[in-house]
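S.K.: Quick note: the sequence shown uses the working numbering, first residue 57, plus one each step.
Quick reminder that beta carbons are idealized off the backbone N, C-alpha and C, glycines included.
Values in this document were obtained by computation on a predicted structure and should not be read as measured data.
Sharing a structure, written as structure tokens. Questions coming.
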Amino acid sequence: MVKSWTVMMRCPIHFCLPKCKVVLLAVAITFLGYTLFENGKRSNQLIMYLSTKESSKELFLLVVTLGAGVLLFGTALFLVEAMSLSETSQLVFNNIPPAMWWAVITLTTVG
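Shown next, in the form of structure tokens:
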């Protein structure tokens, strides 16, 4: 007859242990699950950290590509505007950094 709370079974993790208790295994899994996934801010921070760490190469490529586009299109906008300037009109972008800011806003705007 099987006792409640102490169901004995063969331990699949270690064959050197002949028997392990299901209750202790369930408590360990519940505690592990609580600490990793249900612990509020810490679990969210851990997930965010691990996700960022795993995709660091892709994020670096995104930043480099976006930076190159901003530099290229900001400079091109400033030069095109400066070349097409007539004597009566004023420059919208007085130098390259405001034109680069325009490029950042234009490239990152969604929808």
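(1) If we ignore side chains and look at the alpha-carbon of each, how far apart do Ala-155 and Leu-133 end up?
(2) Check whether the Cβ atoms of Gly-123 and Leu-163 lie closer than 8 Å to each other.
(3) Put Phe-116 into one of helix, strand or coil per three-state DSSP.
(4) What three-state label does DSSP hand Thr-165 in the structure shown?
(5) Could you tell me the distance, in whole angstroms, from the CA atom of Phe-116 to the CA atom of Glu-110?
M.R.: According to the structure shown:
(1) 7 Å
(2) no
(3) helix
(4) coil
(5) The straight-line gap separating the alpha-carbon atoms of Phe-116 and Glu-110 is approximately 12 Å.
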